[in-house]
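S.K.:
Chains as they are written, first to last, in UniProt numbering: chain A, 1 to 307; chain B, 1 to 308.
Listed below in structure tokens is the structure:
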């Protein structure tokens, strides 16, 4: 297992380096520099700006400096648009917010999705089953950017129960809609995957044996069926994590929650390449890390897999 | 014994006519698909939406970029959906006809979905089939490259591309196409691995068919079922991707519009009581996704006999 983790890390690090270099090269291929404005700057000012941000140096040296800053100092450099702010500060501002509602949303989606799927599978063709299947079909067409306005419409404009935007760490009423809007469609997918894999496991021989020897049903489900039924769900968690980070951009914009998604879109509209690259690289690193965790979890649960 | 030759001939003709024709797997699949009520509903929805995109413009009384100055400024009261003033779906916040804009948004979104899926199918199939058929070290390198590309947060990279190289339709197609073929190539490779040791491939190789021709003429046609199902499920994902980007205001640019942009506009103005601005684009968006998902599921069930 240890060797497996090491081997995966050996792939992950070059991937990350590739992502950094690629986005850096893209930035230089792009027409217009970071300081291109509608009114052209005087050449001397432009040259000074370029010198200040190190953009006058040869490309390989810039990449080297950038990489060195990230790897050694964990420093993503200064923002190109806000002279007094660094990319680190901008990310540090938003990250706790994203982590709070993103984490809650993830937990909610997994717990509710699995519960719904298991209940649907145990009581196949019952009311519960139809309800679960109905929800999971309906939620397919309710991605976060559709859920968000609908939630605001119902809970803020019609019933005036929840604040329609903003963020406060101390007041959970600000958390409700972001968490639901982000998590619903994934909860539905997880429920669907759980249901079908649970149905498959429940029909297998070892479950029949467990039942035949008189094991109580709840024990059969929890001890013998749930674990193998979780395998497809676990392999789905990687993509869910990635899309949730992506979806947080919509949440940040629509609910003005101020997470890293806001930093990303703001910088996209301002052409602040430094911040965009910083966020992209951070998200890439998180994705790779999370996929590694998922793989380890998978190998730990499935005894058939030997790395 | 006298045999009535005429009757015999008639019988023979009837027998020949009634000869039980073997049903090909494709005919079987078609029959299963036609019986699937959800899938047929989905297909009907898709036909309807496509017709709306293609022919809907002919019924519009206003063009998509024309401002109705009589409505402007009082959209909440005067811009409601009405047959009388020709704004069937009402107007948007600037007084533009929402019907014409919905038609246009439908065209753009469907086009992005179909073109994105087509790129994915073309590139993914060829890449996956090549990797699977050639095998060995080439396969390993090609699939490792896919692994690496898959762990890149593509939505962020896509937005990065759109911001750096300008937000044009072609850039959007390129960006969406660049990332969408990865899953396809994995699926196709897996299928190719199981196909390539079959007798007909061996036979083709024995008579000296070149490798590229085996891939194109013998492997790819046998993958069509999987590819068709996956492509149908890919179109809604492409539409979702494009809508996501347009919702953020980073997708197609005015005066062009798409479902995502329209939903975003409608969501921004629903505070003023102009709910139709959200409702109509959202309705088309949702039924189309439903349609594609149902048809995709139906195709999968129809083409996968062991699933019955």
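Note that CB positions come from ideal geometry on N, CA and C, so glycine has one too.
Name the chain E residues that come within less than 8 Å of residue 153/B, Cβ to Cβ?
M.R.: Note that chain E does not occur in the displayed structure, where the protein chains are A and B.
S.K.: Hey, could you find the ends of the alpha helix (DSSP H) residue 126/A is sitting in?
M.R.: That residue, residue 126/A, is in no alpha helix (DSSP H); it is neither H nor E in DSSP.
S.K.: Alpha carbons only, please: which of 300/B, 302/B, 289/B is nearest the one belonging to residue 44/B?
M.R.: Of 300/B, 302/B, 289/B, the residue nearest in Cα terms is 289/B.
S.K.: Within 8 Å (strictly less), CB to CB, does residue 179/B reach chain A?
M.R.: So no, residue 179/B is outside the interface.
S.K.: Between 212/B, 232/B, 217/B, which lies nearest to residue 184/B when the distance is taken from Cα to Cα?
M.R.: If we check each option's Cα against that of residue 184/B, 232/B comes out closest.
S.K.: Pairing CB atoms from the region 268-283 of chain A with CB atoms from the region 179-198 of chain B, are three or more of them under 8 Å?
M.R.: Verdict: no, contact absent.
S.K.: Between 224/A, 8/A, 1/A, 263/A, which has its C-alpha nearest residue 79/A's C-alpha?
M.R.: Ranking the options by Cα distance to residue 79/A, first place goes to 263/A.
S.K.: Suppose you measure from the CA of residue 62/B to the CA of residue 99/B; what does that come to, to the nearest Å?
M.R.: Rounded to whole angstroms, residue 62/B to residue 99/B spans 8 Å at the Cα level.
S.K.: Quick check: the Cα distance between residue 265/A and residue 130/B, rounded to an integer number of angstroms?
M.R.: Computed Cα separation, rounded: 38 Å.
S.K.: Quick check on residue 260/A: buried or exposed, where buried means 16 or more other Cβ atoms within 10 Å of its Cβ?
M.R.: Residue 260/A comes out buried.
S.K.: Does any C-beta atom of chain B lie closer than 8 Å to the C-beta of residue 202/A?
M.R.: For residue 202/A, the answer is no, since every Cβ of chain B falls outside 8 Å of its Cβ.
S.K.: When the Cα atoms are used, what is the spatial distance from residue 95/A to residue 26/A?
M.R.: Their backbone Cα atoms lie some 25 Å apart in a straight line.
S.K.: Do residue 291/B and residue 49/B come within 8 Å of each other at the CB atom, strictly closer than that value?
M.R.: Against a cut-off of 8 Å, the Cβ pair of residue 291/B and residue 49/B comes out as a contact.
S.K.: Counting only the same chain and skipping the five closest in sequence on each side, list residues whose C-beta sits under 6 Å from that of residue 309/A.
M.R.: One cannot answer for residue 309/A here, as it falls past the ends of chain A, which runs 1 to 307.
S.K.: DSSP on residue 171/A, reduced to helix/strand/coil?
M.R.: Looking at residue 171/A - three-state DSSP - the assignment turns out to be coil, as it is neither helix nor strand.
S.K.: Does the Cβ of residue 196/B have 16 or more other Cβ atoms within 10 Å, making it buried, or fewer, making it exposed?
M.R.: Buried, since its Cβ has 16 or more Cβ neighbours within 10 Å.
S.K.: Measure the Cβ-Cβ separation of residue 158/B and residue 175/B and say whether it is below 8 Å.
M.R.: Contact flag set, yes.
S.K.: How long is the line joining the alpha carbons of residue 123/B and residue 78/B, rounded to whole angstroms?
M.R.: Using only the alpha carbons, I get a separation of about 50 Å.
S.K.: So, is residue 236/A buried or exposed, given that buried needs 16 or more other C-beta atoms within 10 angstroms?
M.R.: When all chains shown are included, residue 236/A counts as buried.
S.K.: Which chain B residues are close to residue 140/A, counting only those with a beta carbon under 9 Å from its beta carbon?
M.R.: Residues of chain B passing the Cβ test: 236, 289, 290, 293.
S.K.: What span of residues does the alpha helix (DSSP H) with residue 5/A cover, start to end?
M.R.: Taken as a continuous stretch (DSSP letters only), the alpha helix (DSSP H) holding residue 5/A covers 2-29.
S.K.: Return the residues of the region 252-269 of chain A that lie within a Cβ-Cβ distance of less than 8 Å from chain B, sorted by chain order.
M.R.: So the list reads 253, 254, 264, 265, 268, 269, given in the order they occur along the chain.
S.K.: For residue 171/B, decide whether its Cβ has a neighbour in chain A, counting only Cβ atoms nearer than 8 Å.
M.R.: Not closer than 8 Å to any Cβ of chain A, the Cβ of residue 171/B fails to qualify, so no.
S.K.: Would you call the CB atoms of residue 185/A and residue 140/A closer than 8 Å?
M.R.: Taking 8 Å as the Cβ cut-off, residue 185/A and residue 140/A qualify as a contacting pair.
S.K.: Where does residue 78/A fall in DSSP's three states?
M.R.: Note: residue 78/A maps to strand in three-state DSSP.
S.K.: Ignore the nearest five residues each way along the sequence and tell me which others in residue 119/B's own chain have a CB closer than 6 Å to its CB.
M.R.: Counting only Cβ-Cβ distances below 6 Å, and skipping sequence neighbours, we find 177.
S.K.: From the DSSP output, in three-state form, read off residue 287/A for me.
M.R.: Correct three-state label for residue 287/A: helix.
S.K.: Would residue 247/A and residue 152/B qualify as a contact pair, given that the criterion is a beta-carbon distance under 8 Å?
M.R.: Cβ distance not < 8 Å, so residue 247/A and residue 152/B don't count as in contact.
S.K.: Under the assumption that residue 109/B contacts residue 259/B (Cβ atoms under 8 Å), give the Cβ distance between them as a whole number of angstroms.
M.R.: The Cβ separation is near 4 Å, so the contact holds.
S.K.: Quick check on the DSSP output: the alpha helix (DSSP H) that includes residue 301/B runs from which residue to which?
M.R.: Taken as a continuous stretch (DSSP letters only), the alpha helix (DSSP H) holding residue 301/B covers 276-303.
S.K.: Are residue 231/A and residue 302/A touching if we call contact CB-CB under 8 Å?
M.R.: The answer is yes: Cβ separation under 8 Å.
S.K.: Quick one: does residue 36/B have its CB under 8 Å from some CB of chain A?
M.R.: With 8 Å as the cut-off, residue 36/B does not count as an interface residue toward chain A.
S.K.: By the 9 Å beta-carbon criterion, what residues does the region 100-134 of chain B contribute toward chain A?
M.R.: Result list empty, no residue passes.
S.K.: Using beta-carbon positions only, say whether residue 177/A and residue 155/A come within less than 8 Å of one another.
M.R.: Against a cut-off of 8 Å, the Cβ pair of residue 155/A and residue 177/A comes out as a contact.
S.K.: Tell me residue 67/B's beta-bridge partners as DSSP assigns them.
M.R.: Answer is 96/B, bridged to residue 67/B.
S.K.: Do the CB positions of residue 136/A and residue 188/A come within less than 8 Å of each other?
M.R.: Against a cut-off of 8 Å, the Cβ pair of residue 188/A and residue 136/A comes out as a contact.
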